[in-house]
Every structure is written in C-alpha cells, then in structure tokens.
Amino acid sequence: MFWNLLTGLLVTAAAPDFSAPLLSAGEKTSASVATLRSDGQQLVLDEDVVDTTPSEATDEVHSDHVEVWLGLESPEALMPSRLVTTAPDGSLFTVRGKDDPKALDAIIRGQDPGMTGEPDSDDCEDDLQATRATLGRVPAKRVRMMVGLAHLGFFPDGRAPVRYDLDRYAGLSPALGEGDARYEAQKTPTGYHIRAVLQPGALLFVPRDGVRKLRVRVDAIDAGAAGTRESLRSTSPAPRWADAETLKPVTLAMPLPVKLVEGLPELGRPGPLGPGAKQAFDALPPFFLRTGNTWTGLRVLHEVPETFGLRACVLRFDAVTEHRPQTSTFGPPAAFLGEGTLQVPMKTRDAPTTLFLSRAPGDSRAALSEGPVETFRFKDGTPGFVEAVTSPMMGRYTSGACGAADTIALRLVRMEKQGPTRTLLLTWNTCDSDIQDGEQHVLAKQPDDGGGLYPKYTWATPGQKLRITFGTRPVLEVGWKPDGSGVKAAAVPTP
Numbered sequence: 000m001f002w003n004l005l006t007g008l009l010v011t012a013a014a015p016d017f018s019a020p021l022l023s024a025g026e027k028t029s030a031s032v033a034t035l036r037s038d039g040q041q042l043v044l045d046e047d048v049v050d051t052t053p054s055e056a057t058d059e060v061h062s063d064h065v066e067v068w069l070g071l072e073s074p075e076a077l078m079p080s081r082l083v084t085t086a087p088d089g090s091l092f093t094v095r096g097k098d099d100p101k102a103l104d105a106i107i108r109g110q111d112p113g114m115t116g117e118p119d120s121d122d123c124e125d126d127l128q129a130t131r132a133t134l135g136r137v138p139a140k141r142v143r144m145m146v147g148l149a150h151l152g153f154f155p156d157g158r159a160p161v162r163y164d165l166d167r168y169a170g171l172s173p174a175l176g177e178g179d180a181r182y183e184a185q186k187t188p189t190g191y192h193i194r195a196v197l198q199p200g201a202l203l204f205v206p207r208d209g210v211r212k213l214r215v216r217v218d219a220i221d222a223g224a225a226g227t228r229e230s231l232r233s234t235s236p237a238p239r240w241a242d243a244e245t246l247k248p249v250t251l252a253m254p255l256p257v258k259l260v261e262g263l264p265e266l267g268r269p270g271p272l273g274p275g276a277k278q279a280f281d282a283l284p285p286f287f288l289r290t291g292n293t294w295t296g297l298r299v300l301h302e303v304p305e306t307f308g309l310r311a312c313v314l315r316f317d318a319v320t321e322h323r324p325q326t327s328t329f330g331p332p333a334a335f336l337g338e339g340t341l342q343v344p345m346k347t348r349d350a351p352t353t354l355f356l357s358r359a360p361g362d363s364r365a366a367l368s369e370g371p372v373e374t375f376r377f378k379d380g381t382p383g384f385v386e387a388v389t390s391p392m393m394g395r396y397t398s399g400a401c402g403a404a405d406t407i408a409l410r411l412v413r414m415e416k417q418g419p420t421r422t423l424l425l426t427w428n429t430c431d432s433d434i435q436d437g438e439q440h441v442l443a444k445q446p447d448d449g450g451g452l453y454p455k456y457t458w459a460t461p462g463q464k465l466r467i468t469f470g471t472r473p474v475l476e477v478g479w480k481p482d483g484s485g486v487k488a489a490a491v492p493t494p
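Anchor point for the sequence shown: position 443 equals 442 in numbering that gives the first Met the number 0, and the numbering is continuous, going up by one each time.
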C-alpha cells in the first residue's frame, strides 16, 4: 500500500500509543482495527475498516464513514457536559451538581430557596426577585455540551473531513486551521483504509503545557446495502454520543508541543517553569481553543448566581452553579526594556492584562499586570514596573454611599528570580479626596479637577522617584532606594 501523505518512517515503525479493534454489539473479534501514533509533532491515525457492502449514500451521517472522537484527558474538569439551560440568554447551569431542570424551575419560581440560610434583611425581596431573574425563564431544559471534545468524520471517497456538532460548544466557535486534519482513503479487498495526519489543532482543545494525555474513540459506520439497517463498530464496548467516559485514555510516548502564542515558547510544551516565571504563567488560561489558524486562551468560570444590589442583602443561590466559558486573546510581543525582555498583551472580556518577561540563560522571570504605567530597571539591572490597579472600593459594587466607587492601588513591582514582589506605594479612591501611603497615612488631597482614576505619571528621578499629577498640578512624589526598598511618599508643596 502506497501513501502520498507523508508521515515519516519513525511514525509508521513506532509502536502505537493506541490500538483497538472496532467491534459491533456482541462481537468478540474483528478484522477492523484503529491505531494512533505520535512522533512528537503530530498524530497519525490509521483505521482499517472491513465493509463488504459499500453504500452509495453521500450523507455526512448516514453513509459509510469513520468518526473520530478526541478529547482532553478530563473534559469534565473543564466543563460539565450535562447541563441545564433557560431562555432567553441560554445560560448553562447545574443544580446541586446535576442537570436537573425541575430543580432549577423550582428555584426560579421560589418553591425552593436555592440557598442556605435566609437573606440578611427583610428588605431583600426586590433583590431576591432580581437574582431569580438572572436564572432565566421556566421551563428549563437539559442540554449536552462538548467543551473539551472534538468530533471528526473521514470518508472512503476522500472528501473533505467533517467536524460534527458545531452547536455544542457553549457559545464558543472552535475551528480547524489549514492542515490540522489531513487524510487519505484507499480501497482494500475487504473495505477501505483511512490514514489521518492530525496536528494538535485537530484536537480543538489543548492544555496550556502541551499534549501528553488525551482520550480517543473511533467508530466505523456501515450504511449497508439499500434497504438494510445501518451498523456501528467502535473501539468502545458501549459507545455513547458525546460521552467522554467512552473514550479511552491514552498517554503519548512522545508528547506533542503546541505553538500557542507568538513569543511565548514556554506555553504549549511539557516541562517545569522556574520559580521566577511560574506564578505568572500559572495565572494564564489553563487551556487553549483552536480558532482557525490561531489559538485562544480558555478557562471556564463556575460561578454561584449572586447579587449585592442592596448592601444589606447578600444573596447567593449556592444550590446553582453557572458554567461560563471565558476566552482570552493575545497580541503581538514587543520588547519593553531592550534585549532579553518581552511584553505580551492579553485581553479577557475587554479587560487588558500584560505579561512581562525577562529571559537570561538559566533565569526566566515573569509578572502579570492589569495596570502597568511605567517600566524601568532597578540599579542592579532587575526589571520592574509601577502598576495602578483598580478595584471596587467595597469589594463589590453595591448600593449606598460609595457603593459604586473604585479604589486605585499604585504598586511597585520588582521581577525577582524567585518571582515578582509587590510593594504598595499609594492608594486613593473615587469617593473621597484622600490620598494615602502604603501604611494608610493621608498624605494629600485630590484637587477638585483631579481625575481620580486617571492621573498622570512622570519620572522625577528615572527609575527611582515618580511624580503623580492629578488634574493640572503635581500632588505627590513617591520614591524608593535603588533596590526597591525604603519607599517614601510625600506631598508636593503647593506653589
């Protein structure tokens, strides 16, 4: 048998990472077999299918073809597959860990409180109704999702591969890139043989540290001759649609590295990170989603519906968990302090974040920041930056005095070999005019024309003393010793 699809001698000669016969119900042996091999760059899937009654059907589902299921090692750890959904938003929930639409309906109707304990105040009825409204409208219904799984189809006539179940990804839009899934089909005396070469993108979902373990199932669908019943053979003894438990766990002898983000080779490959970089990389999305020829960061938020509309009302429907995928896109890398340094922008739900890196032989350092304002080197050459981080003054946005106010924390960040260190320089808020140092001493007042959230920053002494201007005049200067210690802040005298 001659294959034009180049896979390399190493792959075809290596022992398979996965090998299993394709059996129909009641069969104990079969000449149909599927194997999977990795060469450390790609996967090669071979399916030898016995089919002596070729069908003329061309339907993607009800025709002779092979379906391949590929999944993360533990898709359920990313997001449950069995969920409950409601109109109008199509939000996805579990109730006490189960896909129970009747239980969710009871909570929405108020027949089940859905929470432990009672509201903190008798005045919480409006907030209670508002929180129930976030759960959607009755009736709820069960739904299945496939976040963490890929479902591909290959055909004996060699047509383009098919990706099934496009509406089962919880609002995500996974898409194969060019060359992610290539295959060839050849007729054999007993049926047909398919060889598919799969790049990591064919998995659609990959862990942040590359592909070492995955799940696999191969099904062969025989449409049969006209007027006969369709039959299914599978590498699973009890194949079920979109059920990760029917996919066999596979450990690759040669793990697959994945190029996930330009400029960040630390992502997408197995191996430990040094202490200077681990903290920042651990805060990045734990999985990545294939979106055509690029990868998008992915995590799933598992949140309890809650409201704090009235400060006295803290309402949490802790019987309910909403499961919401969150994606992150990465921008192009750029040096921020010359050779050996790199900054990579990341955006999650319109919230910008920047990953800063410093690389030297045997010394990799990283820090993640939501609000960098100035970058510099300390006197000993250590990279650093000043960041201004905004957060709700009350810990959450709520009613009452200052309920919608923000606190701004100005911090000094030093990218140490053992990980970044942060020192609080100043804080202020949008509720009153006080500006405090790191020990909560009031140093100055914001002028009436000072734009609390967005002051201006300029160096009084580059890398060692920063001047903060609110409105039209400088208000404060904050400085530190050459190694970042001994922080001192003082008001600028009024002229």
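Every residue gets a Cβ at the ideal spot worked out from N, C-alpha and C, and that includes glycine.
As the structure is a prediction and not an experimental result, all values here were calculated from the model.
- The continuous beta strand (DSSP E) containing Gln435 extends over residues Asp433 to Asp436.
- Looking at the DSSP output, Phe17 shares a beta bridge with Leu35.
- In the three-state reduction of the DSSP assignment, Arg95 falls in the coil class.
- Taking the Cα positions, Arg143 is about 20 Å away from Arg289.
- Per DSSP, Gly275 is one residue of the alpha helix (DSSP H) stretching across Pro274 to Asp281.
- Taken in chain order, the complete beta strand (DSSP E) segments of 3 residues or longer contained in the stretch 140 to 173 are 148 to 153.
- For Tyr182, the number of other beta carbons within 10 angstroms of its own is at least 16, and it is reported as buried.
- Beta-bridge partners of Asp405 (DSSP): Pro391.
- In this structure Val474 does not touch Ala488 by the C-beta definition: roughly 11 Å separates them, more than the 8 Å allowed.
- Distance from the CA atom of Trp294 to the CA atom of Met414, rounded to whole angstroms, is 28 Å.
- A check of alpha carbon separations from Tyr191 across Asp156, Leu259 and Asp281 identifies Asp156 as the nearest.
- A residue is called buried once 16 or more other Cβ atoms fall within 10 Å of its Cβ, and Gln128, having fewer, is exposed.
- Short of 6 Å from the beta carbon of Thr34, and not among the five residues preceding or following it, lie these beta carbons of its own chain, in chain order: Pro15, Ser18 and Asp45.
- Linking Lys97 to Arg232 through their CA atoms gives a straight-line distance of about 31 Å.
- Under DSSP, Trp294 forms a beta bridge with Arg289.
- The beta carbon of Val249 sits closer than 8 Å to the beta carbons of Asp16, Phe17, Leu35, Lys212, Leu213, Arg214 and Val215 from its chain, once the five residues preceding and following it are set aside; these are given in chain order.
- Counting along the chain, the unbroken alpha helix (DSSP H) around Gln128 starts and ends at Glu124 to Ala132.
- From the listed residues Ser484, Arg136, Ala334 and Gln41, the smallest Cα separation to Gln198 is found for Gln41.
- Shown here for Gly39: same chain residues with a beta carbon closer than 8 Å to its own, the five before and five after excluded, namely Met253, Pro254, Leu255 and Pro256 in chain order.
- A direct Cα-Cα distance of roughly 19 Å separates Ser398 from Thr389.
- For Leu425, the enclosing beta strand (DSSP E) begins and ends at Gly418 to Asn428.
- In this chain, the alpha helix (DSSP H) harbouring Ala105 covers Pro100 to Arg108.
- In the three-state reduction of the DSSP assignment, Thr460 falls in the strand class.
- For Glu373, the enclosing beta strand (DSSP E) covers residues Pro371 to Arg376.
- The residue from Asn428, Val260 and Ala366 with its alpha-carbon nearest to that of Lys277 is Ala366.
- Secondary structure of Thr245 (DSSP, three-state): helix.
- Inter-residue distance for Phe375 and Leu354 is about 15 Å (C-alpha atoms, whole angstroms).
- Pairing Gly337 with Arg194, the inter-Cα distance amounts to about 47 Å.
- The shortest CA-to-CA distance from Glu302 to any of Lys27, Arg95 and Thr51 is the one to Arg95.
- The beta-bridge partner set that DSSP reports for Val210 consists of Leu255.
- A distance of 7 Å or more separates the beta carbons of Phe335 and Met345.
- Counting along the chain, the unbroken alpha helix (DSSP H) around Ala76 starts and ends at Pro74 to Leu77.
- In terms of Cβ geometry, Arg207 and Pro285 form a close pair [threshold 7 Å].
- Pro473 sits in a strand when the DSSP states are folded into three classes.
- Between the alpha carbons of Gln439 and Asp433 lies a gap of roughly 10 Å.
- Per DSSP, the beta-bridge partners of Gln325 are Arg298.
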